[in-house]
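Going down the list, the sequences are from chains A and B.
Residues 1 to 59, numbered by the working numbering, are exactly what the first sequence covers, in order.
Residues 60 to 315, numbered by the working numbering, are exactly what the second sequence covers, in order.
Backbone N, C-alpha and C fix where the C-beta goes; we use that ideal spot for every residue, glycine too.
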Amino acid sequence: MTHTFYISASYIVAAIVILCLIGWVWLDGRARQRELAELEASGIRRRSARPAPTDGAAL
Amino acid sequence: MPESLAITKFSDLANPTRFLGLAARILPWMAGITAILFALGLYLTFSSEGDYQQGMTVRIMYVHVPAAWLSMMCYSVMAVSAIGTLVWRHPLADVSHKTAAPIGAAFTLIALATGSLWGKPMWGTWWVWDARLTSVFVLFLMYLGLIALNRAMDDPGKAARVSAVLILVGFVNIPIIKFSVDWWNTLHQPASVIRVDGPTIDKEFLWPLLIMAIAFTLLFFTLHIAAMRNEIWRRRVSAQRRMAARMAGQTPAKEA
Chain A
1 MTHTFYISAS
11 YIVAAIVILC
21 LIGWVWLDGR
31 ARQRELAELE
41 ASGIRRRSAR
51 PAPTDGAAL
Chain B
60 MPESLAITKF
70 SDLANPTRFL
80 GLAARILPWM
90 AGITAILFAL
100 GLYLTFSSEG
110 DYQQGMTVRI
120 MYVHVPAAWL
130 SMMCYSVMAV
140 SAIGTLVWRH
150 PLADVSHKTA
160 APIGAAFTLI
170 ALATGSLWGK
180 PMWGTWWVWD
190 ARLTSVFVLF
200 LMYLGLIALN
210 RAMDDPGKAA
220 RVSAVLILVG
230 FVNIPIIKFS
240 VDWWNTLHQP
250 ASVIRVDGPT
260 IDKEFLWPLL
270 IMAIAFTLLF
280 FTLHIAAMRN
290 EIWRRRVSAQ
300 RRMAARMAGQ
310 TPAKEA
C-alpha cells in the first residue's frame, strides 16, 4: 500500500467521525425542538413560560 | 418585575435559560469561524512540503495530533464539570460532563485510528501495546464506560454524581498519557510541540498544525455547547411530560 492510501484513509476516517458527530448533535437538537413545540401546542408549558395572571385574576 | 436574563458574571450561566440565550447567540458565529479555520488549515496542510524522513505521511499529523490533544482536553473539561457537580452542585455541570463524553470518545477514536494508520508506514505495525497507545486506549474505554453509565441510570441527578466520582478517579490517566513517553521507553515519539524548551518542530509544519488544533478546539466547544443545549431541552421535555401526566391524573379526580 502506498503512503497516499494511509493519508487518504486517515482524512476519510476523521471526516466520517466528525460528520457523524455533527449530524448526531444537529438531528438531536431538531428532535428536541419538535417535541417542545408539540408539548407547547398541546398547552403544556413550563411554569416560567406561562403568561402572568391579569389584573383581577386569582393570585 | 421580570428578572433580567443578561449575563454579567460567570455564575449567571448557572441559569439554563440564560445559557440557552447565550448559546443561540454564539453558536452560529462559532460554527462559522470553525469552518473558516478548517478551510485555512486544510489548505495549509495540503500545500505544505513533505518531511525529509516521513515524506507526505507527515500530513496525518495534522488530524492525529489535534484529535489526541482534544481527547485529553475534553476529559479535563469533564473533570472540571465533575468538580462543579460534586462541590458547587452547579445546575449545568452534570449537563456539561454528560454531553462531553460522546464528543471526547469520538476525538479519541480519531486519534487511535489515525495513529494506527500513521504507525503502519512509519513503524511497520498498526498497533503496539506501549505506554502511550495503551493509556489512550484506556481513555477511550473510560469514555465508553461513562456513556454507558449515564444511559443505564434513570435518575439524571444520581447518574451525574456517580459519573462525577468516576471522572475524577479516571483523571489520573491524563498525566499518565501526557508523560508516558518520558517515563517509559515507548515506540511513540516524545512531545515536540508542548515542551519546556519550546517546540522542536519546524515552522513549516507548526503553523498548519496550530491552525488545525485551533479549528478542532473550536469544533469541540461548538459541538459541546450545542449538545448541552439539546440536553437542557431533553430535560425540559421530560419535565413537561411528567407535568402533563400529573395534570391528566388530577382532572378525572376533580370531575369525580
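Using 9 Å as the threshold, is the C-beta distance between residue i and residue j below it?
| i | j | result |
| --- | --- | --- |
| B:Thr173 | B:Val122 | yes |
| B:Asp153 | B:Leu246 | no |
| B:Leu208 | B:Val221 | yes |
| A:Tyr6 | B:Thr116 | yes |
| B:Ile119 | B:Leu176 | yes |
| A:Leu39 | A:Arg30 | no |
| B:Ala219 | B:His283 | no |
| B:Arg294 | B:Pro215 | yes |
| A:Leu36 | B:Val296 | yes |
| B:Pro267 | B:Gly100 | yes |
| B:Met131 | B:Phe280 | no |
| B:Leu145 | B:Val224 | yes |
| B:Leu278 | B:Thr76 | no |
| B:Ser239 | B:Arg305 | no |
| B:Ala127 | B:Val195 | yes |
| B:Pro180 | A:Met1 | yes |
| A:Ser42 | B:Ala303 | yes |
What does DSSP give as the partner residues of residue i in its beta bridges?
| i | result |
| --- | --- |
| B:Gly114 | B:Asp110 |
Write down the C-beta distance between residue i and residue j rounded to the nearest angstrom, noting that I regard them as a contact closer than 8 Å.
| i | j | result |
| --- | --- | --- |
| B:Ala160 | B:Tyr202 | 5 Å |
| B:Ala274 | B:Leu96 | 4 Å |
| B:His149 | B:Ala73 | 6 Å |
| B:Ala164 | B:Ile226 | That pair is no contact at about 13 Å. |
| A:His3 | B:Gly114 | 6 Å |
| A:Gln33 | B:Trp292 | 7 Å |
| B:Phe264 | B:Ser107 | 7 Å |
Review point. Are the stretch 224-235 of chain B and the stretch 121-138 of chain B in contact at 8 Å, needing three or more beta carbon pairs?
Key: A contact exists between the stretch 224-235 of chain B and the stretch 121-138 of chain B.
Check your understanding: Taking Cβ-Cβ distances below 8 Å as the criterion, which residues of the stretch 282-302 of chain B are in contact with chain A?
Key -> Listed by position, the residues of the stretch 282-302 of chain B near chain A (Cβ gap below 8 Å) are Leu282, Ala285, Ala286, Arg288, Asn289, Trp292, Arg293, Arg295, Val296, Ala298, Gln299, Arg300, Met302.
Practice item. Could you run through the stretch 12-32 of chain A and flag, in chain order, every residue whose CB is less than 8 Å away from some CB of chain B? Key: From the stretch 12-32 of chain A, only Val13, Ala14, Val17, Ile18, Cys20, Leu21, Ile22, Trp24, Val25, Trp26, Asp28, Gly29, Arg32 have a Cβ closer than 8 Å to chain B.
Exercise for review: Residues of the stretch 34-47 of chain A with a CB closer than 8 Å to any CB of chain B: list them in chain order, please.
Suggested key: Within the stretch 34-47 of chain A, the residues whose Cβ lies closer than 8 Å to some Cβ of chain B are Glu35, Leu36, Leu39, Ser42, Ile44, Arg45, Arg46, listed in chain order.
**Study point:** Sufficient close CB pairs (3 or more, under 8 Å) joining the stretch 160-171 of chain B to the stretch 114-129 of chain B
**Key:** A contact exists between the stretch 160-171 of chain B and the stretch 114-129 of chain B.
Check your understanding: Can you list, in chain order, the residues of the stretch 107-118 of chain B whose Cβ is nearer than 8 Å to any Cβ on chain A?
Key -> Legend: CB atoms of the stretch 107-118 of chain B lying less than 8 Å from CB atoms of chain A belong to residues Gly114, Met115, Thr116, Arg118.
Point to revise | Residues of the stretch 168-180 of chain B with Cβ closer than 8 Å to any Cβ of chain A, in chain order | key: Under the 8 Å Cβ criterion, the stretch 168-180 of chain B contributes Leu168, Ile169, Ala172, Thr173, Leu176, Trp177, Lys179, Pro180.
Practice item. Please name the residues in the stretch 70-92 of chain B whose beta-carbon is closer than 8 Å to at least one beta-carbon of chain A, in chain order. Key: Going along the stretch 70-92 of chain B in chain order, one finds Thr76 with a Cβ nearer than 8 Å to chain A.
Review point. Taking any Cβ of chain A, which residues in the stretch 138-163 of chain B have a Cβ under 8 Å from it, in chain order?
Key: So the list reads Pro161, Ile162, given in the order they occur along the chain.
Point to revise | Near-chain A residues of the stretch 119-134 of chain B (beta-carbon distance less than 8 Å), N- to C-terminal order | key: Flagged, chain order: Ile119, Val122, His123, Ala126.
Check your understanding: On the three-pair Cβ rule with 8 Å, is the stretch 3-20 of chain A touching the stretch 261-272 of chain B?
Key -> No: fewer than three Cβ pairs fall under 8 Å.
Exercise for review: Flag this pair as touching only if the stretch 277-289 of chain B and the stretch 80-95 of chain B have three or more C-beta atom pairs under 8 Å; answer yes or no.
Suggested key: Between the stretch 277-289 of chain B and the stretch 80-95 of chain B there are three or more inter-stretch CB-CB distances shorter than 8 Å, so the stretches are counted as touching.
Check your understanding: Taking a cut of 7 Å between CB atoms, which residues from the stretch 211-233 of chain B lie near chain A?
Key -> Using a CB distance below 7 Å, no part of the stretch 211-233 of chain B faces chain A.
Check your understanding: Taking Cβ-Cβ distances below 8 Å as the criterion, which residues of the stretch 181-207 of chain B are in contact with chain A?
Key -> Listed by position, the residues of the stretch 181-207 of chain B near chain A (Cβ gap below 8 Å) amount to none.
Check your understanding: What residues from the stretch 245-276 of chain B come within 7 Å of chain A, judged by C-beta to C-beta, listed N to C?
Key -> Here the close residues number zero.
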